[in-house]
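Worksheet for the structure shown next.
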Amino acid sequence: MRFASDNGSGAAPEVMAALIRANDGYERSYGADAAMGRVTTLVRDLFQAPEAAVHLVATGTAANALAIATHCPPWGAAFCHTHAHVAEDECNAPEFYSGAKLVLVPGDHGKITQETLAASLATTGEGGVHGVQRGMLTLTNVTEAGTVYTPAEIKALTALAKAYDLPCHLDGARFANSLVATGVTPAEMTWQAGIDVLSLGGTKNGCLGVEAVVLFDPAKAWEFELRRKRGGHLFSKHRYLSAQMEAYLTDGLWLRLAAQANAMGQRLASGLATKPGTSQAHPVQANMQFPLWPEGTHDRLERAGAVYYRLPAPPGREVARLVTSWSTTEADVDAFLAAV
Ligand SMILES: Cc1ncc(COP(=O)(O)O)c(C=O)c1O
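As numbered in my numbering, residues 22 to 361 make up the sequence shown, in order.
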């Protein structure tokens, strides 16, 4: 009954096996390993993006911060949702690496809307040399509220940004979960919807620690490489990052793992929907949900051994954040529902 985070899950057996294989013998360092070449080919094929540049780092924060730094000038605004991970959970790493300012754009259920983005774009950059300039747009899918943008929604937002010639980033820490939730292709969710750079998550969904930064326009690739090295995120024994990402993207493993996480999310949500006095703060569309339930439920669940985060709640109610992962089983979910 462990629903605190998909980061709490282990690594998938296929990923572990690939690491053991990668451990054999001698390999070139700093990203020149043979497996990195295969990762680049896999990403280009999966995204139908033959020119894309692919770089690996070990954390989502590094992926986001370096992607933002590469696309936003220090005098620029990086527009993001009010509760974006880059704004609330990365200890100012995006600002540290880029020098840019995060400008928070509101919207229900974790999503920026066309109206809120248009308003924010219109009112930023009007101060001439004295004010922050428009810099870039950064979105998250799956969002921090567990909801999922469709490609059409992403395209509508990137179109507003592109009217000002702004590059667009997608924080895809749970990108595979967003693909499974919508049934669209990686290309449809990214460059075909106006995304220029993607943080492609692996860690939450069955890797030990690897994220890919995918630059759909490779013109920025060298700058990215320099920033990664300067920022201390170029791994010497890079083969271990490559091995994880290669296994993750081979034979659809990433989508199978995300499908399990999402299916367990749906099972949990369907079960909770039958419990008296229980509702959801946001639509449940992937592997993260925020149920509200009657007071006293937290204590009962924790006594039964459940692990998850408690969130601030309105009077008389309690709110939880529950995250399912590739390793969540039906038995885990059913035990939790029984305890509720
Ligand atoms: C939406 C989102 N982006 C990025 C990250 C990456 O974080 P980390 O640096 O912990 O790997 C997370 C992790 O919680 C996340 O939820």
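C-beta atoms are modelled at their ideal positions from N, C-alpha and C, and glycine is treated no differently.
{"Query": "Host beta strand (DSSP E) of Leu219 (start-end)", "Result": "Val218 to Gly222"}
{"Query": "Cβ contact (3+ pairs, closer than 8 Å) linking the region 257-269 and the region 225-232", "Result": "yes"}
{"Query": "Any alpha helix (DSSP H) of 4 or more consecutive residues that is wholly inside the region 82-110", "Result": "106-109"}
{"Query": "Beta-bridge partners of Val232, as assigned by DSSP", "Result": "Val is not the amino acid found at residue 232; the sequence shown has Glu there. Looking at the DSSP assignment, Glu232 forms a beta bridge with Val78 and Gly222."}
{"Query": "Proximal residues to Ser346 (C-beta, below 6 Å), its chain only, five neighbours per side dropped", "Result": "Asp27, Ser30 and Ala282"}
{"Query": "Val150 (DSSP reduced to helix, strand or coil)", "Result": "helix"}
{"Query": "Cβ pair count under 8 Å reaching 3, the region 299-308 against the region 162-179", "Result": "yes"}
{"Query": "Through-space distance from Gly131 to Glu111, alpha-carbon basis", "Result": "17 Å"}
{"Query": "Residue from Met37, Leu255, Asn85 and Ala360 whose Cα sits closest to the Cα of Ala53", "Result": "Leu255"}
{"Query": "Beta-carbon proximity of Phe196 to Thr159, cut-off 9 Å", "Result": "no"}
{"Query": "Proximity test, Cβ basis, 9 Å: Pro312 and chain C", "Result": "Checking the listed chains, one finds no chain C in this structure; it contains a single protein chain."}
{"Query": "Contacts around Arg293, its chain only, beta-carbon distance under 6 Å, and the 5 residues preceding and following it disregarded", "Result": "Per the sequence presented here, residue 293 reads as Leu, with Arg not at that position. Closer than 6 Å at the Cβ level, and outside the excluded window around Leu293, lie Thr299 and Pro312."}
{"Query": "Contact check, Asn308 vs Ala279, beta carbons under 9 Å", "Result": "yes"}
{"Query": "Cα-Cα separation between Asp129 and Gly253, rounded to whole angstroms", "Result": "36 Å"}
{"Query": "Residue span of the alpha helix (DSSP H) that contains Val201, given as start and end", "Result": "Phe196 to Thr203"}
{"Query": "Gln281 in three-state terms, based on DSSP", "Result": "helix"}
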